[in-house]
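> Just add 1 to wherever you are in the sequence shown, counting from 1, and you've got the numbering used here.
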Amino acid sequence: MALLALVGCASTPLVETKASPPPATVVTPTPVASSEDAHNQKFIRWVNEFSATASAAGINGATLHSAFDTVRFLPRVIELDRTQPEFTRNVWDYLDSAVSALRISRGQEKLLQLRPQLDAIAARYGVPPEVLVAIWGVESNYGTHVGDIPAIDALATLGFEGRREEWASGQLLAALKILQSGDISREQMVGSWAGAMGQTQFIPSVFLAYAVDADGDGKRDIWGSVPDVMASTANFISQSGWRTGQPWGIEVRLPQGFDYVRADAAIRQSAEAWASEGVLAVDGKPLPVLPDSFLLLPAGARGPAFLVGPNFRTILRYNNATSYALAVHLLAQRIANGPALREPWPRDLQALTRNQMLALQTALNAHGFDSGTPDGMVGPATQRGIRLYQRSVGLPADGYPTLDLLQRLQ
2 MALLALVGCA STPLVETKAS PPPATVVTPT PVASSEDAHN QKFIRWVNEF
52 SATASAAGIN GATLHSAFDT VRFLPRVIEL DRTQPEFTRN VWDYLDSAVS
102 ALRISRGQEK LLQLRPQLDA IAARYGVPPE VLVAIWGVES NYGTHVGDIP
152 AIDALATLGF EGRREEWASG QLLAALKILQ SGDISREQMV GSWAGAMGQT
202 QFIPSVFLAY AVDADGDGKR DIWGSVPDVM ASTANFISQS GWRTGQPWGI
252 EVRLPQGFDY VRADAAIRQS AEAWASEGVL AVDGKPLPVL PDSFLLLPAG
302 ARGPAFLVGP NFRTILRYNN ATSYALAVHL LAQRIANGPA LREPWPRDLQ
352 ALTRNQMLAL QTALNAHGFD SGTPDGMVGP ATQRGIRLYQ RSVGLPADGY
402 PTLDLLQRLQ
């Protein structure tokens, strides 16, 4: 989940409840060892209240008992939800793992092994086989790390805790619909701490909207059926806006004296227009036809540069992190025997900690370079503030936060 950053697409469920809703039924989970504890009693009451709501929404009593008779509050889920690691990772550290030599070779093996099935799926949905295999590789290392936390317990815990109650309650109801449909049992419905499930980590609402029974067994099984995994992923990507036959992007070289302020996701134009500004493919070949594209500098002016188009943004709907989308596309490129990156990463640059980023934002604001409310995380406002400061001191205005910038400001 990559939760997914998680993806959060809502759509009309593919599975509808045919029976009329039964009267609200109170479901009392099996008491745990600490059931006398007030916290656990509150959790049980929350589950009972949610059960009544779910019953009114069409979830039958058998499904409610199956889901909640053994439900448990998971403190570890709350810990993971609240924890923001102090140390962030540079994009190259993430890519070193996500697009490792082993990940590439295993992806090529999977592509060769599943070629007939993947070609058929690609013909139906228009998503290249190597892209599907790359998502599979990044999300679960080709199905070897799908998570082992019961989705019902994780979502009930998040719903009860309250910080994300509305989101978690909606996903929990979707999970109950999945159970009621018979696609998977409660015991097999496992995934990450945030409720993302299966080999390509769908949250329940995405499963309901896009999961596909590709092997014809009557169940949509993204945990154990590779055909279902691949077809479901292709269906989601296709309906998220994938443009068949169009490249995701290309590594480029920027002309000397280029104004780095133009390397911004908000500045989009055709590859032809970028070429007129002196932007060249890093291998010297003409830029591909790529409408509505923008320049991406994930490590600032000193790192590789990319011209990326609509298909790059489509993968962001799966996980809204630039490093994730870049990992998927670069891995897909290598799995398909495409080129590796030519320009090196600036590995001498140190990633700022969240506290250092907070200090940078505070200092920018203090010097009159508005970076929004300091929160320790890089967003568009922070990048704008950094660019304004960089321009004021004659530095390339790439908006990239560094320790040197922080020290200058302090």
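Even for Gly, the Cβ is constructed at its ideal location relative to N, Cα and C.
Per DSSP, ILE150 is paired with what?
Here residue 150 corresponds to residue number 149 of the sequence shown, with the count starting at 1. Looking at the DSSP assignment, ILE150 forms a beta bridge with GLY192.
> Report the option in ALA364, GLN109, GLU140 and ARG343 whose CA atom is closest to the CA atom of PRO130.
Along the sequence shown, read from residue 1 onward, the residue named residue 130 stands at position 129. With distances taken between Cα atoms, PRO130 lies closest to GLN109.
> By how many angstroms is the C-alpha of TRP243 removed from the C-alpha of ALA123?
Numbered from 1 along the sequence shown, position 122 holds the residue referred to as residue 123. Numbered from 1 along the sequence shown, position 242 holds the residue referred to as residue 243. Rounded to the nearest angstrom, the two C-alpha atoms are 12 Å apart.
> Are the CB atoms of SER233 and THR315 nearer to each other than 8 Å?
If you number the sequence shown from 1, residue 233 lands on position 232. If you number the sequence shown from 1, residue 315 lands on position 314. No, Cβ-Cβ distance for SER233 and THR315 is not below 8 Å.
> Would you mind giving the Cβ-Cβ distance between ILE150 and GLY199, rounded to the nearest angstrom? I have them listed as a contact below 8 Å.
Mapped onto the sequence shown, residue 150 falls at position 149. Mapped onto the sequence shown, residue 199 falls at position 198. So it is not a contact: roughly 13 Å between Cβ atoms.
> Using 8 Å for Cβ pairs, my map puts LEU159 next to ARG165. What's the rounded Cβ distance?
Start at 1 with the first residue of the sequence shown, and residue 159 comes out as number 158. Start at 1 with the first residue of the sequence shown, and residue 165 comes out as number 164. Sure, about 5 Å apart at Cβ, within 8 Å.
> Between ASP293 and PHE307, what straight-line distance do the alpha-carbon atoms span, to the nearest angstrom?
The sequence position of residue 293 within the sequence shown is 292, counting from 1. The sequence position of residue 307 within the sequence shown is 306, counting from 1. Roughly 14 Å between the two C-alpha positions.
> For ARG392, which residues in the same chain have their Cβ closer than 7 Å to its Cβ, ignoring the five residues on either side in sequence?
By 1-based counting over the sequence shown, the position of residue 392 is 391. Excluding sequence neighbours, ARG392 sits near ALA398.
> Are LEU331 and VAL227 close, meaning C-beta to C-beta below 8 Å?
Within the sequence shown, residue 331 is the residue found at index 330, counting from 1. Within the sequence shown, residue 227 is the residue found at index 226, counting from 1. No, the Cβ-Cβ distance between LEU331 and VAL227 is not below 8 Å.
> Ends of the alpha helix (DSSP H) at ILE45?
Taking the first residue of the sequence shown as position 1, residue 45 is located at position 44. Run containing ILE45: 39–57, per the alpha helix (DSSP H) assignment.
> In its own chain, which residues sit with a C-beta less than 7 Å from the C-beta of LEU281, not counting the 5 before and 5 after it?
Here residue 281 refers to the residue found at position 280 of the sequence shown. Correct list, in chain order: VAL253 and ARG254.
> In three-state terms, what does DSSP make of PHE208?
As a first step, residue 208 is located in the sequence shown; it is residue number 207 there, counting from the start. Here PHE208 sits in helix by DSSP.
> If you drop the 5 nearest sequence neighbours on each side, which residues of the same chain put their C-beta closer than 6 Å to that of GLU162?
Here residue 162 is taken as the residue at index 161 of the sequence shown, counted from 1. Answer for GLU162: ILE79, listed in chain order.
> Whole angstroms is fine: what's the gap from PHE313's alpha carbon to ILE45's?
Within the sequence shown, residue 313 is the residue found at index 312, counting from 1. Within the sequence shown, residue 45 is the residue found at index 44, counting from 1. Rounded to whole angstroms, PHE313 to ILE45 spans 44 Å at the Cα level.
> What residue range is occupied by the uninterrupted beta strand (DSSP E) comprising LEU296?
Locating residue 296 in the sequence shown gives position 295, where the first residue counts as 1. Unbroken beta strand (DSSP E) run through LEU296: 295–297.
> Using the beta-carbon count (16 or more within 10 Å), is GLN181 buried or exposed?
The sequence position of residue 181 within the sequence shown is 180, counting from 1. With 16 or more other Cβ atoms within 10 Å, it is buried.
> Using 8 Å for Cβ pairs, my map puts ASP154 next to ASP184. What's the rounded Cβ distance?
Residue 154 sits at position 153 when you count from the first residue of the sequence shown. Residue 184 sits at position 183 when you count from the first residue of the sequence shown. At roughly 18 Å, the Cβ-Cβ gap does not stay under 8 Å, so ASP154 and ASP184 are not in contact.
> Would you call the region 338–346 and the region 358–367 touching, i.e. three or more CB-CB distances under 8 Å?
In short, these stretches do not touch, since the Cβ pair count stays below three.
> State the Cα-Cα distance for the pair ARG83 and GLU273, rounded to the nearest angstrom.
Counting from one through the sequence shown, the residue named residue 83 turns up at place 82. Counting from one through the sequence shown, the residue named residue 273 turns up at place 272. Cα to Cα, the separation comes out at about 45 Å.
> Can you give me the C-alpha to C-alpha distance between ALA121 and THR64, rounded to a whole angstrom?
For the purposes of this step, residue 121 is taken as the residue at position 120 of the sequence shown. For the purposes of this step, residue 64 is taken as the residue at position 63 of the sequence shown. C-alpha separation (whole angstroms): 35 Å.
> Which partner residues of GLU252 appear in the DSSP bridge assignment?
One-based indexing of the sequence shown puts residue 252 at position 251. Looking at the DSSP assignment, GLU252 forms a beta bridge with PHE307.
> Identify which residue in LEU177, GLY279, ALA102 and VAL230 has its Cα closest to the Cα of PRO256.
Taking the first residue of the sequence shown as position 1, residue 256 is located at position 255. When each option's Cα is compared against that of PRO256, the closest is GLY279.
> How big is the Cα-Cα spacing for GLY127 and GLY246?
In the sequence shown, counting from the first residue as 1, residue 127 sits at position 126. In the sequence shown, counting from the first residue as 1, residue 246 sits at position 245. If you take the alpha carbons of GLY127 and GLY246, they lie about 8 Å apart.
> To the nearest angstrom, report how far apart ASP94 and ALA326 are at their CA atoms.
Reading the sequence shown from its first residue, position 93 is the one you call residue 94. Reading the sequence shown from its first residue, position 325 is the one you call residue 326. Computed Cα separation, rounded: 15 Å.
> For ALA282, list the residues DSSP reports as bridge partners.
Locating residue 282 in the sequence shown gives position 281, counting from the first residue. In the DSSP output, where bridge partners are listed per residue, ALA282 has VAL253.
> Could you check what DSSP says for MET198 in three-state terms: helix, strand or coil?
For the purposes of this step, residue 198 is taken as the residue at position 197 of the sequence shown. DSSP places MET198 in strand when its eight states are reduced to three.
> Tell me the DSSP secondary structure of THR145 in three-state form.
The residue given as residue 145 occupies position 144 in the sequence shown. If DSSP states are grouped into helix, strand and coil, THR145 belongs with coil.
> Expressed to the nearest angstrom, what Euclidean distance is found between the alpha-carbon atoms of GLN408 and LEU296?
Position 407 of the sequence shown, counting from 1, holds the residue named residue 408. Position 295 of the sequence shown, counting from 1, holds the residue named residue 296. If you take the alpha carbons of GLN408 and LEU296, they lie about 28 Å apart.
> Between the Cα of ILE105 and those of PRO375, THR354, GLN334 and GLU167, spot the shortest distance and give me the residue it belongs to.
Indexing the sequence shown from 1 puts residue 105 at position 104. Comparing Cα-Cα distances from ILE105 to each of PRO375, THR354, GLN334 and GLU167, the minimum goes to GLN334.
> Rounded C-beta distance between SER170 and PHE51? I'm assuming under 8 Å.
As a working note, residue 170 is residue 169 in the sequence shown. As a working note, residue 51 is residue 50 in the sequence shown. About 7 Å; that satisfies the 8 Å criterion.
> Go ahead and label PRO402 buried or exposed: buried means 16 or more other beta carbons lie within 10 angstroms of its beta carbon, across all protein chains shown.
Locating residue 402 in the sequence shown gives position 401, where the first residue counts as 1. Buried, by the Cβ-count rule.
> If you check the beta carbons only, do VAL100 and ALA300 fall under 8 Å apart?
For the purposes of this step, residue 100 is taken as the residue at position 99 of the sequence shown. For the purposes of this step, residue 300 is taken as the residue at position 299 of the sequence shown. Taking 8 Å as the Cβ cut-off, VAL100 and ALA300 do not qualify as a contacting pair.
> Which residues share a DSSP beta bridge with PHE203?
In the sequence shown, the residue the question calls residue 203 occupies position 202. Answer is MET198.
> If you run the structure through DSSP and keep just helix, strand and coil, what is THR354?
Translated into positions along the sequence shown, residue 354 becomes position 353. THR354: strand per DSSP, three-state reduction.
> Decide if ILE268 is buried, meaning its Cβ has at least 16 other Cβ atoms within 10 Å, or exposed.
For the purposes of this step, residue 268 is taken as the residue at position 267 of the sequence shown. By the neighbour-count rule (16 or more Cβ atoms within 10 Å), ILE268 is not buried but exposed.
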